[in-house]
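Student: In the working numbering, the protein residues as written are 1284 to 1677. Ideal Cβ placement from N, Cα and C applies to all residues, glycine included.
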Ligand SMILES: Cc1ncc(COP(=O)(O)O)c(C=O)c1O
């Protein structure tokens, strides 16, 4: 069951931070499962624990087929390869996301087309997608920010009508739902992250979800250095050979053993995170009513995994002021994505003239993430809320 693995990182201690943004959480059985993996004598990919992770993730998220990868970045790269993207192609995605959503597309020579986000969920604004479609568009990569679903019915309808593939970047959304369906199970393909900042972790890790069975055989090949080794392991061929360009997108059994201990506790971890989010919402709602800040929005159709908790301040100066006020008191609250469209690489991709995305630009200057991890003590959370209140009363 839920246990505290210890204190914050040495970096936090050295910088005077008492309440960090994140602390990796240890569910309890990680080390004994790693020991078991060692005793079983298979430490490379797709051993006993990897198979159990695959089955558990398929059952809990509803994704048709799940394959562990070394990271969500790797899973997104595999997805872009499976979409057969090339230099003639464009892909629609939000700019308010982690670099990996876009770099997977650019690695294949395709062009990312950044579209603005919604004011409420901070996800891809589905009402702007159709205007961004051209004869070159091949896919849409929605991102489920903070574990809250993008408007998947509309996105999938637009994709169907325009013969586009949908790849969900569900890095933050393992265990979240949209209209009762698990995120990661809705797009043709999807990617999960198990990085130490996520809800369920193994240090670095991820998974590719394959919901369209026509991608399974190629995914197995791309993931295993471009070979048909998986077919060989199943006895379907008498040797394995190089079939197409792939890479090493498999995950070590040691990571899988660690991850399985976490996935077994999905429910209790999610419950604990939901309590933390509910506390913040309850105790900060007064400031929202006074118009001082905005709390996260979870539309009624969405069930969130409580991945992170963010505030939207009225302007950048207030956000930065609150961030440094909290830091002065040993509390680490931080901003999030720096928009990709006007990053140095985004600007270069746009030939020096990136589109303007007003909501993305405004949100990135006003958003602040609060400390959020299972071991956050009630007194610590009370202190975070108290310091936020002080800031507005000064
Ligand atoms: C939306 C999104 N996509 C992809 C990633 C990359 O995940 P990983 O670190 O597992 O490669 C992240 C990481 O935080 C993310 O937030």
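Residue range of the alpha helix (DSSP H) that residue 1624 falls in?
Tutor: Residue numbering aside, residue 1624 sits at position 341 when the chain shown is read from its first letter. It is not in any alpha helix (DSSP H) - residue 1624 carries neither H nor E in the DSSP assignment.
Student: Keeping to the same chain, check which residues put their C-beta closer than 8 Å to that of residue 1580; ignore five residues upstream and five downstream.
Tutor: In the chain shown, residue 1580 corresponds to position 297, counting from 1. Taken in chain order, the residues that qualify are 1403, 1404, 1431.
Student: Check the DSSP bridge columns for residue 1585 and list the partner residues they point to.
Tutor: To locate residue 1585, count along the chain shown from 1; it is residue 302. For residue 1585, which the question treats as bridged, DSSP gives the partners 1461.
Student: The alpha helix (DSSP H) spanning residue 1641 covers which residue range?
Tutor: Translated into the one-based positions of the chain shown, residue 1641 becomes position 358. Note, residue 1641: alpha helix (DSSP H), 1641 to 1649.
Student: Could you check whether the Cβ of residue 1691 sits closer than 6 Å to any heavy atom belonging to ligand 1?
Tutor: This structure cannot settle anything about residue 1691, because the visible part of the chain is limited to 1284 through 1677.
Student: Span of the beta strand (DSSP E) holding residue 1378?
Tutor: Residue mapping note: residue 1378 aligns to position 95 of the chain shown, counting from 1. Element bounds for residue 1378: n/a, residue is neither H nor E.
Student: In terms of alpha-carbon separation, which member of 1323, 1487, 1320, 1494 lies closest to residue 1449?
Tutor: Taking the chain shown and counting its residues from 1, the one referred to as residue 1449 is at position 166. It is 1494.
Student: Which whole-angstrom value describes the C-beta separation of residue 1429 and residue 1590, a residue pair presumed to lie in contact below a C-beta threshold of 8 Å?
Tutor: Walking along the chain shown from the start, residue 1429 turns up at place 146. Walking along the chain shown from the start, residue 1590 turns up at place 307. Right, the Cβ-Cβ distance comes to about 5 Å (below 8 Å), so this counts as a contact.
Student: DSSP has residue 1397 in a bridge; who is on the other side?
Tutor: Counting from one through the chain shown, the residue named residue 1397 turns up at place 114. 1376, per the DSSP bridge assignment.
Student: For residue 1462, count neighbouring C-beta atoms within 10 Å of its own C-beta (all shown protein chains included) and say buried if the count is 16 or more, exposed if not.
Tutor: For this step, residue 1462 is matched to residue 179 along the chain shown. The residue is exposed, with fewer than 16 neighbouring Cβ atoms inside 10 Å.
Student: Our contact map puts residue 1632 next to residue 1395 with C-beta atoms below 8 Å; I'd like the distance itself, whole angstroms only.
Tutor: Reading the chain shown from its first residue, position 349 is the one you call residue 1632. Reading the chain shown from its first residue, position 112 is the one you call residue 1395. That belief holds up - the Cβ atoms of residue 1632 and residue 1395 are roughly 7 Å apart, short of 8 Å.
Student: Between 1484, 1614, 1544, 1320, which has its C-alpha nearest residue 1311's C-alpha?
Tutor: Along the chain shown, one-based indexing puts residue 1311 at 28. Nearest of 1484, 1614, 1544, 1320 to residue 1311, Cα basis: 1544.
Student: Using a Cβ-Cβ cut-off of 7 Å (strictly less than) and excluding sequence neighbours within five positions of residue 1286, which residues of its own chain qualify?
Tutor: The residue given as residue 1286 occupies position 3 in the chain shown. Below a pLDDT of 50, predicted positions are generally treated as unreliable, and residue 1286, at 39, falls in that range; no measurement from the model is reported.
Student: Using 6 Å as the cut-off, classify the Cβ of residue 1485 as near or not near the heavy atoms of ligand 1, replying yes or no.
Tutor: Walking along the chain shown from the start, residue 1485 turns up at place 202. Incorrect: residue 1485 has no Cβ contact closer than 6 Å to ligand 1.
Student: Less than 7 Å between C-beta atoms, sequence neighbours within five positions excluded: which residues of the same chain meet that for residue 1625?
Tutor: For the purposes of this step, residue 1625 is taken as residue 342 along the chain shown, with counting starting at 1. Cβ within range, chain order: 1637.
Student: Please name the residue, chosen from 1497, 1507, 1379, that lies closest to residue 1623 on a Cα-to-Cα basis.
Tutor: Your numbering for residue 1623 matches position 340 in the chain shown. Measuring from the Cα of residue 1623, the nearest candidate turns out to be 1379.
Student: Hey, is residue 1454 close to ligand 1, as in C-beta under 6 Å from one of its heavy atoms?
Tutor: Here residue 1454 corresponds to residue number 171 of the chain shown, with the count starting at 1. Checking the Cβ of residue 1454 against ligand 1 gives yes.
Student: Using a threshold of 6 Å, is the CB atom of residue 1398 nearer than that to any non-hydrogen atom of ligand 1?
Tutor: Here residue 1398 refers to the residue found at position 115 of the chain shown. False, no ligand heavy atom lies under 6 Å from that Cβ.
Student: Tell me which residues share the same chain as residue 1608 and place their Cβ nearer than 6 Å to its Cβ, disregarding the 5 neighbours each side in the sequence.
Tutor: As a first step, residue 1608 is located in the chain shown; it is residue number 325 there, counting from the start. 1674.
Student: Within a Cβ cutoff of 6 Å, which residues of the same chain sit near residue 1592, ignoring the five residues on either side of it in sequence?
Tutor: Translated into the one-based positions of the chain shown, residue 1592 becomes position 309. Taken in chain order, the residues that qualify are 1560, 1563, 1653, 1655.
Student: Could you pull out every residue in the same chain whose Cβ sits closer than 6 Å to the Cβ of residue 1366, ignoring the five residues on either side in sequence?
Tutor: Start at 1 with the first residue of the chain shown, and residue 1366 comes out as number 83. 1422, 1448, listed in sequence order.
Student: Alpha carbon to alpha carbon, what distance is there between residue 1576 and residue 1599?
Tutor: The residue given as residue 1599 occupies position 316 in the chain shown. The residue given as residue 1576 occupies position 293 in the chain shown. So the alpha carbons of these two residues sit roughly 12 Å apart.
Student: Tell me, to the nearest whole angstrom, how far the beta carbon of residue 1418 is from that of residue 1392; I am working on the premise that it is less than 8 Å.
Tutor: Counting from one through the chain shown, the residue named residue 1418 turns up at place 135. Counting from one through the chain shown, the residue named residue 1392 turns up at place 109. The Cβ separation is near 17 Å, so there is no contact.
Student: Indicate whether residue 1668 and residue 1304 have their beta-carbon atoms separated by less than 7 Å.
Tutor: To locate residue 1668, count along the chain shown from 1; it is residue 385. To locate residue 1304, count along the chain shown from 1; it is residue 21. Cβ distance not < 7 Å, so residue 1668 and residue 1304 don't count as in contact.
Student: Near residue 1508, which residues of its chain fall below 7 Å by C-beta distance, leaving aside the five closest residues on each side in sequence?
Tutor: What you label residue 1508 is simply residue 225 of the chain shown in a count that begins at 1. Excluding residues within five positions, the ones whose Cβ falls inside 7 Å are 1529, 1530, 1531.
Student: Measuring straight from C-alpha to C-alpha, what distance separates residue 1290 and residue 1553?
Tutor: As a working mapping, residue 1290 is identified with position 7 in the chain shown. As a working mapping, residue 1553 is identified with position 270 in the chain shown. Residue confidence for residue 1290 is low, a pLDDT of 37 falling below 50, so the modelled location carries little weight; the figure read from the coordinates is stated next. Taking the straight line joining both Cα atoms gives about 21 Å.
Student: Label residue 1368 either buried or exposed according to how many other C-beta atoms from any shown protein chain fall within 10 Å of its C-beta, with 16 as the threshold for buried.
Tutor: Here the question's residue 1368 lines up with position 85 in the chain shown. It is buried - the Cβ of residue 1368 has at least 16 other Cβ atoms within 10 Å.
Student: Using C-beta distances below 7 Å, list every residue in its chain close to residue 1357, excluding the 5 sequence neighbours before and after it, in chain order.
Tutor: Along the chain shown, one-based indexing puts residue 1357 at 74. Contacts found: 1489, 1532.
Student: Do residue 1484 and residue 1477 have their C-beta atoms within less than 7 Å of each other?
Tutor: Looking up residue 1484 in the chain shown gives position 201. Looking up residue 1477 in the chain shown gives position 194. A contact, by the Cβ cut-off of 7 Å.
Student: Since residue 1474 and residue 1502 should fall inside the 8 Å C-beta cutoff, what is the C-beta to C-beta distance between them, to a whole number of angstroms?
Tutor: Position 191 of the chain shown, counted from the first residue, corresponds to residue 1474. Position 219 of the chain shown, counted from the first residue, corresponds to residue 1502. Going by Cβ atoms, the distance from residue 1474 to residue 1502 rounds to 12 Å, so no, they are not a contact pair.
Student: Ligand 1 and residue 1384: does the residue's C-beta get closer than 6 Å to at least one heavy atom of that ligand?
Tutor: Position 101 of the chain shown, counted from the start, is the residue given in the question as residue 1384. Checking the Cβ of residue 1384 against ligand 1 gives yes.
Student: May I have the straight-line CA-CA distance separating residue 1360 from residue 1350, to the nearest angstrom?
Tutor: Here residue 1360 refers to the residue found at position 77 of the chain shown. Here residue 1350 refers to the residue found at position 67 of the chain shown. Between residue 1360 and residue 1350, the C-alpha separation is close to 13 Å.
Student: If you follow the beta strand (DSSP E) that residue 1421 is in, where does it begin and where does it stop?
Tutor: Your numbering for residue 1421 matches position 138 in the chain shown. It spans 1420 to 1423 - the beta strand (DSSP E) in which residue 1421 sits, taken as one unbroken run.
Student: Short of 6 Å in beta carbon distance, which residues of its chain neighbour residue 1540, apart from the five on each side in sequence? Order them along the chain.
Tutor: Along the chain shown, one-based indexing puts residue 1540 at 257. Answer for residue 1540: 1316, 1317, 1320, 1332, listed in chain order.
Student: What are the partner residues of residue 1493, as DSSP defines its beta bridges?
Tutor: To locate residue 1493, count along the chain shown from 1; it is residue 210. DSSP lists 1348, 1472 as partners of residue 1493.
Student: May I ask you to report which of helix, strand or coil DSSP gives residue 1290?
Tutor: Numbered from its first residue, the chain shown carries residue 1290 at position 7. Bear in mind that a pLDDT of 37 at residue 1290, under 50, signals an unreliable position, so the model cannot answer this.
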